[in-house]
Structures are given as C-alpha cells and as structure tokens.
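Visitor: Pasting a structure below so you can have a look.
There are 2 protein chains.
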Amino acid sequence: MAVTRTGLKARPKKQRRMSGQERRRQIVRAAMDLFARKGFKGTTTKEIALAAGVNEAMIFRHFPTKGDLYAAIIDYKMDQCGEWISRVHEEAARRKDDRAMFLALARGILAFHEQDGTFMRLLLYSALEGHELNRMFFETQVVEHFEFLADYIAQRVRDGAFRPVNPRVAARAFLGMITHHAQVRELFDPQGRLLNVDSDAAAAELVDIFLAGVARR
Amino acid sequence: MAVTRTGLKARPKKQRRMSGQERRRQIVRAAMDLFARKGFKGTTTKEIALAAGVNEAMIFRHFPTKGDLYAAIIDYKMDQCGEWISRVHEEAARRKDDRAMFLALARGILAFHEQDGTFMRLLLYSALEGHELNRMFFETQVVEHFEFLADYIAQRVRDGAFRPVNPRVAARAFLGMITHHAQVRELFDPQGRLLNVDSDAAAAELVDIFLAGVARR
DNA sequence: CGAAAGATTGTAAGTACTTACTTACTTTGT
DNA sequence: ACAAAGTAAGTAAGTACTTACAATCTTTCG
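Those protein sequences? They're chains Y and V, same order as listed. Each residue of the first sequence is one higher than the one before, counting from 1054 in the numbering used here. Each residue of the second sequence is one higher than the one before, counting from 1054 in the numbering used here.
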C-alpha cells in the first residue's frame, strides 16, 4: 500500500543552494516584472517560478498565497518609493530659483519612471484592479507628492511671484504634464520619435511652459 | 442507454425572446463594463453571462472566443471614438480665438472621459496588456489627435502668436494636463475634493495655464 | 388564411485543460 | 542531529468552450 511517491531516488546535484533571503528576493524580482507586464490575474505562479528559476512550491514556502506575494512587492516598493520622494523633495527644495526646482522635480520623476518603469506599470495595473494596498499607496505617497507641490505653488502665489492660480489645479497640471509624458514614452514611444527631442530637453521645455503659464504677467 | 440529458421537459416560458442583435449588444455592454473594471484575464465568461442576463453558451454563439468578444468591443468603440474625435476637432477648429478652441478641446476630452470612462479604463488596461488592437487604436486615433493639436500649435507659432515652442512637446503638455486630470478624477478623486473646484472650472484654469505658458512674452 | 418546414434563439450538462495551492519526501548546511 | 532548502507528483476548484436538445420565431406553400 505505502508505495513511495517518486519511485526513484532523486540523484544528488552538487549545486550550491541559496539562502532563504536570496530566493525571496529572486522570486520578488521575477514576480514584479511579470505582474507589471501582464497584471495580477494574467500571471501564473508557474510562470513566476520558471522566471525566478525556482520550484513552484518554493513560492508558497516564502509567501502563503499569490496575493501575499503581490502585497509584499507593493509593500517593499512603497517604502523605497517613499524614500525616493523625500530625497527628490529635499533636493528640489534646496534649489534657489523656481526653474531649478521644477526641473529637479521633473527630472526626478522621469528618472524614477525610467529606472523603475516596471513598478510604475504595476502601480497602474493595481490602480485599475482596485487593490486596497494600491489605494493606500496613492493616498499616502502620491498625495504627499501632490501636496508638496501645491504648498510650494501656494507660497509663490503669496510671494507675488506666481499669479493667483489655484495651487492644486496648477500642481495637477504640472504632474500631469510630466507623468503623461513618462507614460506615453514608456507605453508607446520609447524612442521618443514622436517628439523629436530627448527626454531631458522635453522636460526642460515642459518646465518652461508651466512656469510661463503661472508667472505673473 | 440513450437517456435524455435533462430528464424532464423544459416548461415553456411565455417570455418574449430577443433578437440576435439585441442580445449581442447586451453582451457587449456587460462585457465592456467588466473588462474595464477587472481586465481581460480578470473577467470570466460566466460573469459576463450573468451580468448580461444570458446563458453562457449564448456568448459563444455570438462570438467564437472570448478574445473575439474583446476585439469586437474595441473595434466597435474605436469607430465611435474616431467619429467623436473628428467632431470635437471640427468644433474646436470653428472657434475664433485660442482660448475658445483649447477650451472646446479640453471640455470635449473631459466629457468623453466622463461619459465613457469605462471605455477609457478598458483602453488603459489593454494598453498595459499590450493587445495588438489597442496598439492600432493608439497609433491611429490618438496620434491623429496629437497631430491635430501639434499642427495647430505650429501654425500659431508661425503666426507669431505663440513663442517658438516645440509644437509636439507643447501638444503633449496640454494633452497630459487634461488626460491626467481626467484619470486622477476617475480613479482616485471622483468628487474632485482634492482640487476644490468643479471639473469645468479646473478645465478653464488648465487652459489658462497652458495658453499663458506658450504665449509670446 | 393556416400549418408544416426550416432557421434561429435558448439552455443544462458536459469536457479538456489550467490554476493556485499541498503533500510527502529528499538533500544540504551547520 | 536537526532545521531549512528543495522537489515531483498530486488535488480541488476553476476556466474557456462544446454538445445535444428544446422553444420560438419566420417563411413557404397548400
């Protein structure tokens, strides 16, 4: 009755085995890439295992469910993103004039999209899919980003340097210009041939348009 | 041996039955809604059938595969969207001054997002999912939209009314402001409380910022 | 007209396959 | 010796799609 499941002894492979942490990172990296390209439902645990080069069962040793793996990714990246936001804000706030400050902001956002476009895609996906964690992300990080800009603009309005625009509308305008640019570039125009200028020059021109748009006449 | 499958005679329901076309439309409508909310993979044919109030098998009588149903939706909406774009362009082109023209454009885009936000979500989804049909959509309709704006801006630069901006960068800036606004509103801020102004007022202010941004100094 | 024939709409009960997740067991490092 | 890493082979619950057949509408022809 009690027949061994395999029927044969597994032959010993002399390969170095990995620590749990290493494997965990490997799985997370592969999963993020796949989730970003095909969405949560569109990605199977089998695919993740294949891409990560691990046995499928290992995924479930590290993360109880597929959803937990997803949550772990967002959780991990969220912290990273929070740090990045404050770093960019600090750097931007150090600038002496508006142009330098908005340029720093624009470049920071574009750089993040370029370097971490995968995660941005994943965020977009999860925004659509309506994940709770994602909602949290937007309601903390993105709103913080938004508020920082709105506050800055409000101050400049009070200074009399900007004309009396609604600071929040203006902030959304600026973020819209930049993130739309980044998104279009990522999804449809990676070579930037539609614009005929490189990303940095485009960022500079967008900043110019925005600043002229809110400057006192 | 040859036992009837059901075992009992189906009792005749005196309900009016629908024409194929009606059912088709019903299925398409329900499917679009679900695809937009949960993505292609995230939606099951069973759910679609339930939402449309039809038997699951009916879906497959009208559309050979789930993919064909998806394609039919995009195909149908694509035409509709094309018509809408030319109508908005015509209307915008009729305006006498820049402000009226950009306002017409902005309101047109926002209205489409508001009225057909479902389809916009579906488009975003399929952009992420990398569907071929979607790519086609963007490379025809959206580029057309973009080119129309860029041409208009280029003309105004030649007129000397706008300063010498890169017309394509400026066009992307404007579309970015408007579509980002629409997206944020749809996904995170349906009440518009983050901006503290209604959508129409926001559109007007965005247009003002943009026009001041590209105006000759 | 009216009714049989033929086409179309509708449905319950499948099928073959995939999916997330488990289990029982082996190998390796300390 | 013991715990952690690793694996092949499951399993139950979906999944897209099919089939066999019943109800109802439309057309044709006496």
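Quick reminder that beta carbons are idealized off the backbone N, C-alpha and C, glycines included. Since we're looking at a predicted model, the values are computed, not measured.
Note down the Cα distance separating residue 1152(V) from residue 1259(V), rounded to an integer number of angstroms.
Guide: Reading the second sequence from its first residue, position 99 is the one you call residue 1152(V). Reading the second sequence from its first residue, position 206 is the one you call residue 1259(V). Cα-Cα distance, rounded: 11 Å.
Visitor: With a cut-off of 8 Å, does the C-beta of residue 1166(Y) fall near any C-beta of chain V?
Guide: In the first sequence, the residue the question calls residue 1166(Y) occupies position 113. Taking Cβ atoms only, chain V never reaches closer than 8 Å to residue 1166(Y), which makes this a no.
Visitor: To the nearest angstrom, report how far apart residue 1130(Y) and residue 1137(V) are at their CA atoms.
Guide: The count along the first sequence starts at 1 and reaches residue 1130(Y) at position 77. The count along the second sequence starts at 1 and reaches residue 1137(V) at position 84. The alpha-carbon atoms of residue 1130(Y) and residue 1137(V) are separated by roughly 40 Å.
Visitor: With a threshold of 8 Å between beta carbons, is residue 1266(Y) in contact with chain V?
Guide: Locating residue 1266(Y) in the first sequence gives position 213, counting from the first residue. Closer than 8 Å to some Cβ of chain V, the Cβ of residue 1266(Y) qualifies, so yes.
Visitor: As a quick exercise: from 1232(V), 1219(V), 1222(V), pick the residue whose alpha carbon is nearest that of residue 1226(Y).
Guide: Here residue 1226(Y) is taken as the residue at index 173 of the first sequence, counted from 1. Per the Cα distances, 1232(V).
Visitor: What are the start and end residues of the alpha helix (DSSP H) that includes residue 1172(Y)?
Guide: Counting from one through the first sequence, the residue named residue 1172(Y) turns up at place 119. Start and end: 1170 to 1182.
Visitor: Report the neighbours of residue 1209(Y) on chain V: residues whose CB is nearer than 7 Å to its CB, in chain order.
Guide: By 1-based counting over the first sequence, the position of residue 1209(Y) is 156. The contacting residues do not exist; residue 1209(Y) stays about 14 Å from chain V at best.
Visitor: For residue 1229(V), report the span of its alpha helix (DSSP H) as first-last.
Guide: The residue labelled residue 1229(V) in the question sits at position 176 within the second sequence. Start and end: 1220 to 1240.
Visitor: Counting C-beta neighbours from all protein chains within 10 Å, is the total for residue 1256(Y) 16 or more, i.e. buried, or is it exposed?
Guide: Start at 1 with the first residue of the first sequence, and residue 1256(Y) comes out as number 203. Per the 10 Å Cβ criterion, buried.
Visitor: When the Cα of residue 1238(Y) is compared with those of 1133(Y), 1174(Y), 1178(Y), which residue comes out closest?
Guide: The residue given as residue 1238(Y) occupies position 185 in the first sequence. Checking every option, the nearest Cα to that of residue 1238(Y) belongs to 1174(Y).
Visitor: Answer with yes or no whether the minimum CB distance from residue 1107(Y) to chain V is below 8 Å.
Guide: Here residue 1107(Y) corresponds to residue number 54 of the first sequence, with the count starting at 1. No, residue 1107(Y) lies away from the interface with chain V (no Cβ there is under 8 Å from its Cβ).
Visitor: Return the chain-ordered ranges of every beta strand (DSSP E) run that is complete within the stretch 1095 to 1131 of chain V and spans a minimum of 3 residues.
Guide: Runs of the beta strand (DSSP E) inside the stretch 1095 to 1131 of chain V: none found.
Visitor: Helix, strand or coil: how does DSSP classify residue 1215(Y) here?
Guide: Stepping through the first sequence from its first residue, residue 1215(Y) is reached at position 162. Strand at residue 1215(Y).
Visitor: State the Cα-Cα distance for the pair residue 1265(V) and residue 1254(V), rounded to the nearest angstrom.
Guide: Within the second sequence, residue 1265(V) is the residue found at index 212, counting from 1. Within the second sequence, residue 1254(V) is the residue found at index 201, counting from 1. Straight-line Cα distance between these residues: approximately 17 Å.
Visitor: Who are the neighbours of residue 1174(Y) on chain V, taking C-beta pairs under 8 Å?
Guide: As a working mapping, residue 1174(Y) is identified with position 121 in the first sequence. Near residue 1174(Y) (Cβ distances below 8 Å), the residues of chain V are 1181.
Visitor: Starting from the Cα of residue 1166(V), find the closest Cα among 1085(V), 1074(V), 1079(V), 1235(V) and give me that residue.
Guide: Translated into the one-based positions of the second sequence, residue 1166(V) becomes position 113. If we check each option's Cα against that of residue 1166(V), 1235(V) comes out closest.
Visitor: Identify whether residue 1058(V) lies in helix, strand or coil by the three-state DSSP scheme.
Guide: Residue 1058(V) sits at position 5 when you count from the first residue of the second sequence. Confidence in residue 1058(V) is poor, its pLDDT being 44 and thus under 50, which makes the residue's placement unreliable; the coordinate value appears in the next sentence. Residue state, collapsed to three classes: coil.
Visitor: For a contact meaning CB atoms closer than 9 Å, what does residue 1123(V) contact in chain Y?
Guide: For this step, residue 1123(V) is matched to residue 70 along the second sequence. The premise fails here: residue 1123(V) is roughly 13 Å from chain Y at the closest Cβ pair, so nothing lies under 9 Å.
Visitor: Can you pull the chain V residues whose beta carbon is under 9 Å from the beta carbon of residue 1225(Y), in chain order?
Guide: As a working mapping, residue 1225(Y) is identified with position 172 in the first sequence. Correct list: 1230, 1233, 1234, 1237, 1247, 1248, 1255, 1259.
Visitor: I'd like to confirm the pairing. Which residues does DSSP put opposite residue 1268(Y) in its beta bridges?
Guide: Here residue 1268(Y) refers to the residue found at position 215 of the first sequence. Per DSSP, 1215(Y).
Visitor: Candidates 1248(V), 1143(V), 1078(V): which alpha carbon is nearest residue 1200(Y)'s?
Guide: Here residue 1200(Y) refers to the residue found at position 147 when the first sequence is read from its first residue. The shortest Cα separation from residue 1200(Y) among 1248(V), 1143(V), 1078(V) belongs to 1248(V).
Visitor: According to DSSP, is residue 1249(V) helix, strand or coil?
Guide: As a first step, residue 1249(V) is located in the second sequence; it is residue number 196 there, counting from the start. Three-state DSSP puts residue 1249(V) in coil, outside helix and strand.
Visitor: Measuring only the C-alpha atoms, how far is residue 1196(Y) from residue 1182(Y)?
Guide: As a working note, residue 1196(Y) is residue 143 in the first sequence. As a working note, residue 1182(Y) is residue 129 in the first sequence. In a straight line, the C-alpha of residue 1196(Y) is about 20 Å away from that of residue 1182(Y).
Visitor: What would DSSP say about residue 1148(V), mapped onto helix, strand or coil?
Guide: Along the second sequence, read from residue 1 onward, the residue named residue 1148(V) stands at position 95. Reduced to three states, the DSSP call for residue 1148(V) is coil.
Visitor: Leaving out the 5 sequence neighbours to the left and right, which residues in its chain are closer than 8 Å to residue 1242(V) when beta-carbon positions are compared?
Guide: In the second sequence, residue 1242(V) corresponds to position 189, counting from 1. Answer for residue 1242(V): 1248, listed in chain order.
Visitor: At 7 Å on the CB atoms, spell out the chain Y contacts of residue 1240(V), in chain order.
Guide: Position 187 of the second sequence, counting from 1, holds the residue named residue 1240(V). Within chain Y, the residues near residue 1240(V) are 1180.
Visitor: Since residue 1185(V) is in the alpha helix (DSSP H), which residue starts that stretch and which ends it?
Guide: Position 132 of the second sequence, counting from 1, holds the residue named residue 1185(V). Unbroken alpha helix (DSSP H) run through residue 1185(V): 1185 to 1190.
Visitor: Please list the partners that residue 1155(Y) has in chain V, where partner means a Cβ-to-Cβ separation under 7 Å.
Guide: Taking the first sequence and counting its residues from 1, one reaches residue 1155(Y) at position 102. Neighbours of residue 1155(Y) on chain V: none; closest Cβ ~12 Å, over 7 Å.
Visitor: Given 8 Å as the limit, is there contact between the stretch 1138 to 1150 of chain Y and the stretch 1091 to 1111 of chain Y, that is, 3 or more CB pairs closer than that?
Guide: The stretch 1138 to 1150 of chain Y, when compared against the stretch 1091 to 1111 of chain Y, does not touch it at the 8 Å Cβ threshold.
Visitor: Output, in sequence order along the chain, the residues in the stretch 1069 to 1086 of chain V whose CB is closer than 8 Å to any CB in chain Y.
Guide: For the stretch 1069 to 1086 of chain V, which is checked against every Cβ of chain Y, not one residue is closer than 8 Å.
Visitor: Using a Cβ-Cβ cut-off of 8 Å, state whether residue 1221(V) counts as contacting chain Y.
Guide: Working through the second sequence from its first residue, we reach residue 1221(V) at position 168. Yes, because at least one Cβ of chain Y sits closer than 8 Å to the Cβ of residue 1221(V).
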